[in-house]
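Enquirer:
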Amino acid sequence: MSDAANEKATPATGRARLKRDAEKAAAKAAGDSAAVPPGPDGATANAGGDRAAADTRTGGAAAWSDAGGTGPEARAGGASAAPRLAVRRTYKLYVNGAFPRSESGRSYPVTSPDGDHLANASLASRKDARDAVTAARKAFSGWSGRTAYNRGQILYRAAEMMEGRRSQFADEVAAADGVRRTRAEALVSAAIDRWVYYAGWTDKIVQAVGGANPVSGPYFNLSTPEPSGVVAVLAPQDAPLLGLVSVIAPVIATGNTAVVIASERAPLPAITLGEVLATSDLPGGVVNILTGRTAEISPHLAAHADVDGLDLTGAGDLATDLESAAAQTLTRVRRPAPGEDWTADPGTGRMTPFLETKTVWHTIGV
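Its first residue numbered 1, the sequence shown is counted upward by one per residue in the UniProt record's numbering.
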């Protein structure tokens with residue numbers, strides 16, 4: 001019997017041969033690896049070659065992206081992507097807690113004192129003014145029905161929100177008035193402080209203005225101030241933020257609602273203030289802000305039968321005609337002297353003109 005036949009006939013012999021073949025293959029592989037000197041990082045030349053090939057492929061993709069192609073980095077908007085275009089801000093109206101565009105679809109350019117273009121503001125129309133009055137009238141019952149303490153809390157919250165936008169307000173005031181940044185920051189601080197000032201007066205004005213009246217006879221005689229209703233306010237042209245706050249805050253602090261015509265020359269801080277009020281706890285419709293031509297919008301508000309008060313601070317040469325128009329509907333009018341110092345202590349002079357005094361007689365029980 002041959003050797004091959006013996007190995008085939010014996011299973012143990014076959015397994016031994018397979019084991020020897022495996023050991024020879026392992027020894028050959030170890031010898032080949034030892035014959036190749038390792039690279040600087042301890043890898044063999046073959047492995048390094050594979051990595052180099054992989055690096056070449058990766059580098060090719062990066063180079064393709066850097067060259068302005070559509071590689072992964074370029075598609076993801078990486079550092080090598082084309083410069084992005086700035087998102088231009090759209091300045092709209094603020095009516096009933098929302099920011100609608102003007103019904104007319106018109107706008108006008110707002111420029112700095114140096115003539116630089118700042119933005120385009122909406123040109124409010126007659127219908128926009130009517131919509132604002134409707135919103136203010138709808139919000140009046142709820143706002144005047146709140147406690148004075150609650151109104152003060154809401155106004156204080158608005159001041160907190162203004163504090164968070166201090167930098168943006170300073171930029172807009174500096175651009176509108178052409179003043180230094182430090183001066184603009186001081187004006188913004190004064191506007192925030194003015195808002196807090198009137199927030200503190202909300203639950204004190206009744207005691208300062210109202211009270212018990214001495215009368216002859218067995219009666220109690222009590223006088224209590226109450227809000228007039230919807231007040232149209234023409235904001236000053238020379239103080240786009242501090243003056244604006246100084247005419248809005250006393251009106252709503254006493255329970256009135258307001259329709260405001262922002263400074264025609266510098267309306268941008270007014271719209272930013274509207275964004276602050278929209279994100280505070282102030283109900284929609286309590287303050288409504290219109291931008292555009294004062295001479296175009298104000299006559300409609302002055303003659304509106306649903307307007308109960310008119311503040312002519314920013315009227316200028318229009319004041320006499322607007323006062324005459326308001327007389328047709330017996331509208332309460334405040335016409336301040338020109339050249340008001342907005343940094344001075346305001347007192348209560350702007351709170352009382354739009355308060356009506358209700359006097360109650362009550363018999364004294366025996």
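Note that beta-carbon positions come from the ideal geometry of N, C-alpha and C, so glycine has one too.
For my contact list, A199 and A124 are in at a C-beta cut-off of 8 Å; report their separation, rounded to the angstrom.
Expert: Stepping through the sequence shown from its first residue, residue 199 is reached at position 199. Stepping through the sequence shown from its first residue, residue 124 is reached at position 124. Not quite, the Cβ-Cβ distance comes to about 28 Å (not below 8 Å), so this is no contact.
Enquirer: Measuring only the C-alpha atoms, how far is S263 from G274?
Expert: As a first step, residue 263 is located in the sequence shown; it is residue number 263 there, counting from the start. As a first step, residue 274 is located in the sequence shown; it is residue number 274 there, counting from the start. Taking the straight line from one Cα to the other gives about 14 Å.
Enquirer: Assuming V259 is part of the beta strand (DSSP E), what are its boundary residues?
Expert: If you number the sequence shown from 1, residue 259 lands on position 259. It spans 257-261 - the beta strand (DSSP E) in which V259 sits, taken as one unbroken run.
Enquirer: Can you list, in chain order, the residues of its chain with a C-beta nearer than 6 Å to that of Y149? Leave out the 5 residues immediately preceding and following it.
Expert: Counting from 1 along the sequence shown, the entry for residue 149 is found at position 149. If we look at Y149 and ignore the five residues flanking it on each side, its Cβ neighbours are D203.
Enquirer: Measuring only from the beta carbon, is I364 closer than 7 Å to any heavy atom that is part of the ligand FAD?
Expert: Among the ligands in the structure shown, none appear at all, so the ligand FAD cannot be discussed.
Enquirer: For G243, which residues of its own chain have a beta-carbon under 6 Å away from its beta-carbon, when the five flanking residues on both sides are left out?
Expert: Here the question's residue 243 lines up with position 243 in the sequence shown. These residues qualify, in order along the chain: P236, W342.
Enquirer: Against chain B, with Cβ distances strictly below 8 Å, would V179 count as a contact?
Expert: Here chain B cannot be found, since the structure has a single protein chain.
Enquirer: Ignoring anything shorter than 3 residues or poking outside the region 274-316, list the beta strand (DSSP E) runs there in chain order.
Expert: Within the region 274-316, the complete beta strand (DSSP E) runs of at least 3 residues are 287-290, 309-311.
Enquirer: So is A344 buried or exposed if we call it buried at 16+ other beta carbons inside 10 Å?
Expert: Your numbering for residue 344 matches position 344 in the sequence shown. By the 10 Å Cβ count, A344 comes out exposed.
Enquirer: Apart from the five residues on each side of it in sequence, which residues of its chain come closer than 7 Å, Cβ to Cβ, to A136?
Expert: Position 136 of the sequence shown, counted from the first residue, corresponds to residue 136. Same-chain partners within the cutoff: V230, T257, A258, V259, G285, N288.
Enquirer: Count the CB pairs spanning the region 321-335 and the region 293-312 that are closer than 8 Å, and state whether there are at least three.
Expert: A contact exists between the region 321-335 and the region 293-312.
Enquirer: A220 lies in the alpha helix (DSSP H); which residues open and close that run?
Expert: Taking the sequence shown and counting its residues from 1, one reaches residue 220 at position 220. Note that residue 220 corresponds to Phe in the displayed sequence, not to Ala. No alpha helix (DSSP H) holds F220; the beta strand (DSSP E) holding it covers 219-227.
Enquirer: Express the C-alpha separation of F169 and E185 in angstroms, rounding to a whole number.
Expert: Working through the sequence shown from its first residue, we reach residue 185 at position 185. Working through the sequence shown from its first residue, we reach residue 169 at position 169. One C-alpha to the other measures close to 8 Å.
Enquirer: In whole angstroms, give me the CA-to-CA distance for H304 and T329.
Expert: As a position in the sequence shown, residue 304 is number 304, starting the count at 1. As a position in the sequence shown, residue 329 is number 329, starting the count at 1. Approximately 8 Å between the Cα atoms of the pair.
Enquirer: What span of residues does the alpha helix (DSSP H) with V206 cover, start to end?
Expert: The residue labelled residue 206 in the question sits at position 206 within the sequence shown. Residues 205-209.
Enquirer: Mind checking who S107 pairs with in its DSSP beta bridge?
Expert: Here residue 107 refers to the residue found at position 107 of the sequence shown. Note: S107 sits in a beta bridge opposite S122.
Enquirer: Is the distance from the Cβ of V95 to the Cβ of L268 below 8 Å?
Expert: On the sequence shown, position 95 is the one that residue 95 refers to. On the sequence shown, position 268 is the one that residue 268 refers to. Taking 8 Å as the Cβ cut-off, V95 and L268 do not qualify as a contacting pair.
Enquirer: Are there 16 or more other CB atoms within 10 angstroms of the CB of R293, so buried, or fewer, so exposed?
Expert: As a first step, residue 293 must be located in the sequence shown, where it is residue number 293. Burial call: exposed.
Enquirer: Report yes if the C-beta distance between G211 and S223 is below 8 Å; otherwise report no.
Expert: Counting from 1 along the sequence shown, the entry for residue 211 is found at position 211. Counting from 1 along the sequence shown, the entry for residue 223 is found at position 223. In this structure, S223 lies closer than 8 Å to G211 by Cβ.
Enquirer: Could you pull the DSSP bridge partners for residue 374 from this structure?
Expert: Shown here, the chain extends from 1 to 366; a query on residue 374 therefore has no answer.
Enquirer: Using 8 Å as the cut-off, can you tell me whether the region 172-182 makes contact with the region 150-159, which would need three or more C-beta pairs spanning the two stretches below that distance?
Expert: No contact exists between the region 172-182 and the region 150-159.
Enquirer: Going along the chain, which residues of its own chain have a beta-carbon closer than 7 Å to the beta-carbon of S107, five neighbours each way excluded?
Expert: Position 107 of the sequence shown, counting from 1, holds the residue named residue 107. For S107, where only same-chain residues beyond five positions count, the Cβ hits under 7 Å are N120, A121, S122, L123.
Enquirer: If you reduce the DSSP assignment to three classes, tell me which class R88 lands in.
Expert: Position 88 of the sequence shown, counting from 1, holds the residue named residue 88. Note: R88 maps to coil in three-state DSSP.
Enquirer: Taking its Cβ as the centre, do 16 or more other Cβ atoms sit within 10 Å of I297, making it buried, or is it exposed?
Expert: Translated into positions along the sequence shown, residue 297 becomes position 297. The residue is buried, with at least 16 neighbouring Cβ atoms inside 10 Å.
Enquirer: Run through DSSP, which three-state label would R166 get?
Expert: Counted from its first residue, the sequence shown places residue 166 at position 166. It is helical.
Enquirer: Are the beta-carbon atoms belonging to A295 and L318 less than 8 Å from one another?
Expert: Residue numbering aside, residue 295 sits at position 295 when the sequence shown is read from its first letter. Residue numbering aside, residue 318 sits at position 318 when the sequence shown is read from its first letter. Yes, these two residues count as a Cβ contact at 8 Å.
Enquirer: So for V215, helix, strand or coil by DSSP?
Expert: What you label residue 215 is simply residue 215 of the sequence shown in a count that begins at 1. Coil at V215, not helix or strand.
Enquirer: In angstroms with no decimal places, state the Cα-to-Cα distance between Y91 and I364.
Expert: Stepping through the sequence shown from its first residue, residue 91 is reached at position 91. Stepping through the sequence shown from its first residue, residue 364 is reached at position 364. Distance between the alpha carbons of Y91 and I364: 58 Å.
Enquirer: Nearest-angstrom Cα distance between residue 372 and E226?
Expert: The structure shown does not extend to residue 372, since the chain is modelled only from 1 to 366, so the question has no answer here.
Enquirer: Helix, strand or coil for P40? Go by DSSP, reduced to three states.
Expert: Locating residue 40 in the sequence shown gives position 40, counting from the first residue. Model confidence at P40 stands at a pLDDT of 45, short of 50, so the residue's coordinates are unreliable and nothing is read from them.
Enquirer: Determine the DSSP secondary structure at R332, reduced to helix, strand or coil.
Expert: If you number the sequence shown from 1, residue 332 lands on position 332. In this structure, R332 counts as strand in the three-state DSSP scheme.
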